[in-house]
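Input: a single structure, listed below in structure tokens.
Residue numbers (the numbering used here): 16 to 307.
Structural data, given as structure tokens:
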């Protein structure tokens, strides 16, 4: 059920700036495809934020409609998209065979990681997260633009889904029992003290609290790989045991998988996550800070 850890998860701001060759009219090498996944829970204005400011040439990606299928009780709030529809979307974005892709958002890559994971799951090997996201680009004093980018040539990517492991509810319960299942939501949601969107509060029996925010340094960049390895091994997660991750709806869990990959630890995603688990009255929920 596990898969090889991606060899590269992150692209730095200086590296992306160099590869975009902004202002370098004489360059003929293809620049990366840059995807802007501006999304946060409770904020439906991602496109408006993108139009006000984005990295030059970046293409807006709508998480709700392009990175997920319509919500269902069984699939949760963000089920995996249909493979053919994801391929059509990726081609609209300009994703082309052999051309690198760099993804970012404006919230520490907690949304952009969904695009990173989906493209890796679908067989795109050269896709990375912009370390520090848009905030790091701004902090470096680099140019941004407004409005829609110019016309772009459609991509020719052929996707082959299934390259990264996924869990259904039964498999997530099994990993919680026999391996390590990490809950990437905020700690108060894990404990059941707050549940703003899903049917019930609590967590999957046996799951361990591992909030996504702890993957990042204060400036929004990922913590050092060795620090992340220490964090996850303290929770019992390493490359010798099966590791699964869930969150509210399979979005920030992808960020956790990126952090695990950066630390050299493979992990599987439960796409339905708590939104699907909690919608099933036959699935137990645990309240409090203990796994059981």
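In this text, a Cβ means the ideal position worked out from N, Cα and C, and glycines have one as well.
None of the values given here were measured: they were computed from a predicted structure.
- A straight line joining the alpha-carbon of residue 144 with that of residue 128 spans about 7 Å.
- Only residues of its own chain outside the window of five on either side were considered, and among them 230, 237, 274, 275, 277 and 278 have a CB closer than 8 Å to the CB of residue 243, listed in chain order.
- About 6 Å separates the beta carbons of residue 94 and residue 286, which is inside the 8 Å limit, making them a contact pair.
- Taken through DSSP and simplified to helix, strand or coil, residue 80 comes out as helix.
- A straight-line Cα-Cα distance of about 43 Å links residue 217 and residue 171.
- Residue 227 carries a helical assignment under DSSP once its states are collapsed to helix, strand and coil.
- Between residue 197 and residue 250 the beta-carbon gap is near 7 Å, inside 8 Å, which marks them as a contact.
- Straight-line spacing of the CA atoms in residue 131 and residue 68 works out to 21 Å.
- The way I'd put it, the segment 185 to 193 does touch the segment 253 to 271; three or more beta-carbon pairs between them come closer than 8 Å.
- Taking the Cα positions, residue 226 is about 11 Å away from residue 247.
- Considering only 166, 202 and 77, the residue with the shortest C-alpha distance to residue 119 is 77.
- For residue 91, the beta-bridge partners assigned by DSSP are 87.
- By the 16-neighbour rule on beta-carbons within 10 angstroms, residue 264 is buried.
- Ranked by Cα distance from residue 233, the options 116, 141, 151 and 139 are led by 151.
- Per DSSP, residue 32 lies in no beta strand (DSSP E); the unbroken alpha helix (DSSP H) holding it starts and ends at 28 to 35.
- Your pair residue 261 and residue 157 does not check out as a contact, with CB atoms roughly 35 Å apart and the cut at 8 Å.
- Annotation for residue 240: 277 and 278 place their beta carbon closer than 6 Å to its own, counting only its chain and skipping 5 residues before and after.
- Here residue 73 is near residue 51, since their CB atoms are less than 8 Å apart.
- For residue 69, the beta-bridge partners assigned by DSSP are 160.
- For residue 134, the secondary structure class from DSSP, reduced to helix, strand or coil, is helix.
- The Cβ neighbour count for residue 123, taken over all protein chains shown within 10 Å, is at least 16; the residue is labelled buried.
- For residue 196, the enclosing beta strand (DSSP E) starts and ends at 195 to 198.
- Beta-bridge partners assigned by DSSP to residue 218: 301.
- For the segment 251 to 283, the full-length beta strand (DSSP E) segments reaching 3 residues or more read 258 to 261 along the chain.
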